[in-house]
Structures are given as structure tokens and as C-alpha cells.
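Okay, so here's the structure we're looking at.
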Amino acid sequence: MRRPSTHDAIVIGAGPAGTSIALALARRGWGVAIVEKNMFPRRKVCGEYISASNLTLLDRLGIGDAWRAEAGPEIRRVGLFSGDACIEAEMPGARLGPAARAGFGRALGRDVLDILLLDAARSAGAQVFQPCRAVAVEREGDCQAVRIEARDCRDEATILRAPVVVAAHGSWEPGPLPSQLEKKSRPSDLLGFKAHFTGSSLAPDLMPLITFPGGYGGMVTADHGRMSISCCIRRDRLALLRSGLAAERGGHVSAAEAVEHHLMA
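End of the sequence shown sits at 265 in the numbering used here; the numbers just go up one at a time, nothing left out.
In C-alpha cells form, the structure reads like this:
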């Protein structure tokens, strides 16, 4: 006997990609399940800036006004910085169209954006399983059976079934799912990090992009007066910086301390 579907689509992962497709499908009458392993709010290493070219999508998803109400100031200028050199240019605004209003890109923390999208998908009718992990996907006739477990409990499992399964759980994460089997668990040669600060003197309409030996980064004024800084640096370069600074100071040096010293040098 063929077991019936529980949903039309199952989305694994409640980041912006997963919740956007879940929201779009739910608005079109699909029965959607979202499986997310972590509780929200959560912080993610992310630049957090959403460019003007994405405003049309936000409006089509029906969250444009909510995003504008939460996001930081419009970013109208970009500056490219390297040492003492700086080049500044105006940022392009959004093109007027039937589904969007004019405007400029802005930044919104992932701890706010992810909840905004997930709540919109839930309000549109999506069923949310959180915190739950998808631990297996198997074909059952015309459907895919997805076994999910509560994050801290492996004794009980729930089986969801749908003809469509969307893997939106992260591009680098290895695991037991079909979309993860070919992935190798190995350290990246890059280290990314992000931090929020308050009391910044950064001009609210300016987004500085910085380059330095071994990496790059950027700063932007995000929501609630927070200044977000995110950077990426090669691990081999970071190791040299840490060892050199440790020898100079005569003690342990954290990655954050080494990068801060590198940026300020």
C-alpha cells in the first residue's frame, strides 16, 4: 500500500534560500514543510548587505515593507580601501518596475532577516519543524520520505513525505543526505568572521570594502544602529600572523587579535 504524501514539498534548511522558496510555494497553495536544525534567532557569518537588485525579489515575496522597516540606512556610496589609497563611487539604485519601488541596498542582520523570512513562510501556511535534523531521505514510489529527528532526541523520528525535496542546508556541510554524500569534511583554506559594533563613526550611507595581504572585508551600517564588519583571510596567512605576534608579545594570540592587529598595521 502506497503511503500518502504529507506535503507537496519539503525544504531542508531555513536560511534565506530555503525560506524564500518555501514562502513562494506556500503562497501558490503548496503544502510545504520546513526542517531547520537550529533555533532562531541565530547569528551567521555573513556580509548582511542586500543590494538594490534584490528589492524586486523582496517585494515579490511580500516582505519588502517589513525588510525596509527593519534594515539599516540606504547605502549610496561604496569605497575601496587598500592601505592609504581609497577610491569612492556612487552605488546604483533599484530600477523601477511593476513589482518594486526605487531604492538602494541596505543591510539587515541575519538574526533578524532569517526570522522575518521564516515567520512569513509560516504565515503563508508552511509547517515548520524546528529544531529538527533531516537524517535520511529515501524514495517511496513517487515520493521522497524524509526522516527527521528532534535535535537533542534520537529516540523518536518523524517521517515526512513529498514528491519534491529541496536541499537548502548549506553548500559545505557533509552529512548523510543524498546532497551531502559527495562532500568531504575538510578545513577550508579560508577563515571568515563577522562582528557587530555600536557607536561607530562610519558614515551611514557608505560601505567601505577593504583589501589587505591575504584577505578582504567590508563594513556597513546595519539595523538598530549596529555596524557590521565581515572579513575573510587565508588560514596560512593567519597562522603566520598569529605566530609572529605571539613571538612579539610573548604569549598566546587569538585569531581575532591577530586580524585586528593586521588590519590596523
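Cβ atoms here follow ideal geometry from the backbone N, Cα and C, with glycine treated the same way.
This one's a predicted model, so the numbers in the text were calculated from it and none came from an experiment.
Review point. Given Val35, which residues of its chain have a CB within under 6 Å of its CB, disregarding the five upstream and five downstream residues?
Key: Along the sequence shown, one-based indexing puts residue 35 at 35. Taking C-beta separations shorter than 6 Å and ignoring five residues to either side along the sequence, the partners of Val35 in its chain run Ile12, Phe129, Cys132, Ala134, Ile148, following chain order.
Practice item. Excluding the 5 residues preceding and the 5 following His169 in the sequence, name in chain order all residues of the same chain whose CB lies nearer than 6 Å to its CB. Key: Residue numbering aside, residue 169 sits at position 169 when the sequence shown is read from its first letter. Hits under 6 Å: Ile12, Gly13.
**Study point:** Secondary structure of Ile63, DSSP reduced to three states
**Key:** Taking the sequence shown and counting its residues from 1, one reaches residue 63 at position 63. Coil, per DSSP.
Point to revise | Under 9 Å between C-beta atoms of Gly244 and Cys232 | key: The residue given as residue 244 occupies position 244 in the sequence shown. The residue given as residue 232 occupies position 232 in the sequence shown. Taking 9 Å as the cut-off, the Cβ atoms of Gly244 and Cys232 do not count as close.
Check your understanding: Where does Arg234 sit, in a helix, a strand or coil, going by DSSP?
Key -> Here residue 234 refers to the residue found at position 234 when the sequence shown is read from its first residue. Looking at Arg234 - three-state DSSP - the assignment turns out to be strand.
Practice item. Provide the residue span of the alpha helix (DSSP H) that contains Val259, from first to last. Key: As a first step, residue 259 is located in the sequence shown; it is residue number 259 there, counting from the start. Taken as a continuous stretch (DSSP letters only), the alpha helix (DSSP H) holding Val259 covers 255 to 264.
**Study point:** Simplified DSSP assignment, three categories, for Ala100
**Key:** Against the sequence shown, residue 100 aligns to sequence position 100. Confidence in Ala100 is poor, its pLDDT being 48 and thus under 50, which makes the residue's placement unreliable; the coordinate value appears in the next sentence. Ala100 falls in the strand class under three-state DSSP.
Review point. Apart from the five residues just before and just after Ala100, which ones in its own chain have a Cβ nearer than 7 Å to its Cβ?
Key: Start at 1 with the first residue of the sequence shown, and residue 100 comes out as number 100. Any reading at Ala100 needs caution, since the residue's pLDDT is 48, under 50, leaving its predicted position unreliable; the model's value is listed next. Answer for Ala100: Leu55, Thr56, Asp59, Ala94, listed in chain order.
Point to revise | Where Arg242 falls, given that 16 or more other Cβ within 10 Å makes a residue buried | key: The residue you call residue 242 lines up with position 242 of the sequence shown. With 16 or more other Cβ atoms within 10 Å, it is buried.
Review point. At least one CB of chain B closer than 9 Å to the CB of Arg242: is that the case?
Key: The chain inventory of the structure shown lacks chain B, comprising one protein chain alone.
Check your understanding: Would Gln127 pass as a contact of Val32 if the rule is Cβ separation under 9 Å?
Key -> Position 127 of the sequence shown, counted from the start, is the residue given in the question as residue 127. Position 32 of the sequence shown, counted from the start, is the residue given in the question as residue 32. Yes. Within cutoff.
Check your understanding: If we ignore side chains and look at the alpha-carbon of each, how far apart do Glu156 and Ser82 end up?
Key -> The sequence position of residue 156 within the sequence shown is 156, counting from 1. The sequence position of residue 82 within the sequence shown is 82, counting from 1. Glu156 and Ser82: Cα-Cα distance of roughly 54 Å.
Review point. How many whole angstroms separate the CB atoms of Gly62 and Val166, which I take to be in contact at a CB cut-off of 8 Å?
Key: Along the sequence shown, read from residue 1 onward, the residue named residue 62 stands at position 62. Along the sequence shown, read from residue 1 onward, the residue named residue 166 stands at position 166. Contact flag wrong, Cβ pair sits at about 19 Å.
Point to revise | Contact set for Arg235: own chain, Cβ-Cβ below 8 Å, skip 5 residues either direction | key: Taking the sequence shown and counting its residues from 1, one reaches residue 235 at position 235. Result list for Arg235: Pro187, Ser188, Asp189, Leu190, Leu191, in chain order.
Review point. Using the C-alpha atoms, what's the distance from Ala9 back to Leu202?
Key: Working through the sequence shown from its first residue, we reach residue 202 at position 202. Working through the sequence shown from its first residue, we reach residue 9 at position 9. Computed Cα separation, rounded: 44 Å.
Review point. Beta-carbon separation of Gly15 and Leu209 under 9 Å?
Key: Here residue 15 refers to the residue found at position 15 when the sequence shown is read from its first residue. Here residue 209 refers to the residue found at position 209 when the sequence shown is read from its first residue. Not in contact: Gly15 and Leu209 (Cβ atoms no closer than 9 Å).
Review point. Whose C-beta lies closer than 6 Å to the C-beta of Val220 among residues of the same chain, with five residues either side of it excluded?
Key: Within the sequence shown, residue 220 is the residue found at index 220, counting from 1. Excluding residues within five positions, the ones whose Cβ falls inside 6 Å are Tyr49, Ala107, Met207, Ser228.
**Study point:** For Glu36, the residue or residues it bridges with in DSSP
**Key:** Here residue 36 is taken as the residue at index 36 of the sequence shown, counted from 1. The partner list for Glu36 (beta bridge, DSSP) is empty, contrary to what the question assumes.
Check your understanding: Just reading off the beta strand (DSSP E) that Gly125 is part of, what are its end residues?
Key -> Along the sequence shown, one-based indexing puts residue 125 at 125. Where Gly125 is concerned, there is no enclosing beta strand (DSSP E), given that its DSSP letter is neither H nor E.
Exercise for review: Could you tell me which of Val112, Ser20, Asp205 sits nearest to Arg76, measuring between CA atoms?
Suggested key: The residue you call residue 76 lines up with position 76 of the sequence shown. When Val112, Ser20, Asp205 are compared, the shortest CA-CA separation from Arg76 is found for Asp205.
Review point. Using DSSP with H/G/I as helix, E/B as strand and the rest coil, what is Val112?
Key: Taking the first residue of the sequence shown as position 1, residue 112 is located at position 112. DSSP, read as helix, strand or coil, puts Val112 in helix.
Exercise for review: Can you tell me which of the three DSSP states Leu202 falls into?
Suggested key: Working through the sequence shown from its first residue, we reach residue 202 at position 202. Leu202 falls in the coil class under three-state DSSP.
**Study point:** CB contact flag (Ser53, Gly105, <9 Å)
**Key:** Mapped onto the sequence shown, residue 53 falls at position 53. Mapped onto the sequence shown, residue 105 falls at position 105. Closer than 9 Å, so yes.
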